[in-house]
Structure formats: structure tokens, C-alpha cells
């Protein structure tokens with residue numbers, strides 16, 4: 001596993017810990033705004049991890065496919081992901 005994937009895994013593990021904390025906050029009937037802030041924080045970590053994974057995909061899988069003359073499918077995949085991501 002390369003360094004960028006390790007960083008993505010660490011971000012995901014941190015987000016998982018935050019989600020566990022959010023669940024506890026809800027179970028403990030904590031203040032809604034505090035819960036919402038923690039949810040936004042977890043979402044930011046997930047976005048950051050997703051960006052790292054997509055960057056790796058573009059730099060390696062898409063680049064290799066283009067060099068092999070088979071890039072259209074990989075490009076379409078990235079466009080589909082970005083379409084969902086940007087909504």
C-alpha cells in the first residue's frame with residue numbers, strides 16, 4: 001500500500017471513530033448543534049479520503065489506461081463519480 005492510500009485509510013479510521021462518537025452523543029441526548037458539527041467534521045474527513053483515492057486512481061489507473069489506448073472507460077468512470085460528488 002502506497003503512502004497516499006495509507007493516509008486515506010487513516011482518514012477513514014479517524015472518521016469511523018468520529019461516527020462512533022456521534023452515535024454516543026445521540027444516545028446521550030447531547031446538544032443537537034454539537035452533534036451536527038461532529039457530523040460535518042466526519043463528512044469532511046470522508047471527502048478528504050475520497051479525494052486521495054480519486055487522485056490515486058487518476059494518476060495510476062486512468063493514466064495507464066490512456067497510455068494503452070483504453071482511457072475512455074476510465075475517464076467516464078471519473079466523470080460519473082464527479083457528477084455524484086459535486087451534487
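Residue numbers (the working numbering): 1 to 87.
A virtual CB, placed ideally from N, CA and C, is assigned to each residue, including glycine.
All values derive from a computational prediction rather than experimental measurement.
Inset, instruction - Starting from residue 43, trace the alpha helix (DSSP H) both ways and give me its first and last residue. - result: 32 to 56
Inset, instruction - Quick one: grab the DSSP three-state call for residue 68. - result: coil
Legend entry - Residue range of the unbroken alpha helix (DSSP H) whose run includes residue 59: Careful: residue 59 lies outside any alpha helix (DSSP H) and carries neither H nor E.
Inset, instruction - Indicate the three-state DSSP secondary structure (helix, strand or coil) for residue 1 in the structure shown. - result: coil
Legend entry - Among 87, 23 and 64, nearest to residue 36 - alpha-carbon criterion: 23
Legend entry - Residues of its chain near residue 19, where Cβ-Cβ distance is below 7 Å and the 5 sequence neighbours each way are ignored: 42
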